[in-house]
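Before any comments, here is the structure.
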Amino acid sequence: LGSHMRVLFLLMCLFVSSGVLTVLCGLLGFSHGMHTLSFMAVEVSLNVLPYGTVYMSHAILRYIIHLYGLICEGSWEDKETCIYYTDFVMEIGILFLNMMHHIHMLVRQIIWASYIIMSFGRFSMATMEELASHDDRCAICLEKMYTAYKLPCGHLFHKSCLRSWLEQDMSCSTCRMSVNRRGSHTRNEQEGASLSLSSGPAAVPNTNRHFFTFTCPARSGVGR
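Residues in the sequence shown are numbered consecutively from 288, following this note's numbering.
Okay, here's the thing in structure tokens:
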């Protein structure tokens with residue numbers, strides 16, 4: 288019985304450790320919004336130490352059933368039935384949690400991609416005079432620009448490079464000024480007649496950083 292208690296104690300220690308990590312990640316994620324909170328909580332619950340809080344709960348329940356079968360007088364005829372329903376309920380719970388996690392991430396990524404597409408309506412195309420006056424390369428891909436989008440801060444980028452960058456961070460890659468509406472309006476009031484890379488504007492703090500994405504593994508984007 289002593290060896291069984293040591294195993295059960297080890298399982299409980301792992302369960303408590305994963306539970307503490309889940310709470311800590313939840314508290315850290317809460318400061319960044321409900322999306323980050325739910326992402327952190329589910330990832331830790333399923334994938335830490337190395338199986339997560341949910342899997343540790345399943346293992347502990349199975350071991351408790353095993354111990355009860357050992358100390359039960361006579362044969363426990365319903366043991367297999369109890370094990371079956373325990374496995375069934377836990378597996379259904381794990382699959383449901385995984386499904387909701389993937390749906391949440393997929394919907395969030397679709398919403399974010401739509402927001403990026405709509406954001407381009409606020410950016411103007413750079414004129415040939417602006418391209419000639421800047422005479423610079425795209426700061427993201429370092430290639431020469433023949434057509435470019437102009438951010439509110441005045442910096443110019445290729446459309447594809449800018450889209451890939453904004454999927455990761457809603458700020459200018461050069462001066463780190465936020466490209467949100469609020470930040471854009473503030474900067475438009477301060478923007479001078481000309482702007483160069485060597486004397487860029489003071490950066491406005493970016494408050495809409497994209498902490499994680501949900502994309503297929505084969506895809507590679509700028510800034511990953």
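Ideal placement from N, C-alpha and C gives every residue a C-beta, glycine not left out.
query                                                                                                                                            : result
Among the residues of its own chain, which have a CB less than 8 Å from the CB of Ile-351, if the five just before and after it don't count?     : Leu-295
Can the beta-carbon of Lys-514 be found closer than 8 Å to that of Glu-417?                                                                      : Here the chain has residues from 288 to 511 only, and residue 514 is not among them.
If you draw a straight line from the alpha carbon of Ala-328 to that of Phe-383, how long is it in whole angstroms?                              : 15 Å
Nearest to Cys-440 by CA position, among Glu-454, Val-466, Ser-451, is which residue?                                                            : Val-466
Let's see if you can read the secondary structure: which residues bound the alpha helix (DSSP H) around Lys-446?                                 : 446-453
As a quick exercise: from Thr-340, Gly-289, Met-292, pick the residue whose alpha carbon is nearest that of Ser-304.                             : Thr-340
Run the CB neighbour count on Met-457, radius 10 Å, all protein chains shown included, and call it buried at 16 or more, exposed below.          : buried
Report back the beta-carbon spacing between Ala-426 and Phe-407 to the nearest angstrom; my notes put them in contact at under 8 Å.              : Going by Cβ atoms, the distance from Ala-426 to Phe-407 rounds to 18 Å, so no, they are not a contact pair.
Find out if the Cβ-Cβ distance for the pair Cys-462, His-442 is shorter than 8 Å.                                                                : yes
Tell me where the alpha helix (DSSP H) around Leu-393 begins and ends.                                                                           : 366-406
What residues are listed by DSSP as bridge partners for Tyr-342?                                                                                 : Note: Tyr-342 sits in no beta bridge, so no partner.
Give the DSSP bridge partners of Met-412, in chain order.                                                                                        : Tyr-436
Determine which residues share a DSSP beta bridge with Arg-293 and list them.                                                                    : Per DSSP, none; premise fails for Arg-293.
With distance defined between alpha-carbon atoms, name the residue in Leu-449, Arg-293, Cys-459 nearest to Leu-354.                              : Arg-293
Using beta-carbon positions only, say whether Gly-313 and Leu-301 come within less than 8 Å of one another.                                      : no
Pull up the DSSP beta-bridge partners for Arg-463, would you.                                                                                    : For Arg-463, which the question treats as bridged, DSSP gives no partner whatsoever.
Ordered along the chain, which non-local residues of its own chain (more than five positions away) have a Cβ less than 8 Å from that of Gly-356? : Trp-363, Lys-366
Given Arg-527, which residues of its chain have a CB within under 7 Å of its CB, disregarding the five upstream and five downstream residues?    : Nothing can be reported for residue 527: it is not among the residues displayed for the chain, which extend from 288 to 511.
Helix, strand or coil for Leu-429 per DSSP?                                                                                                      : coil
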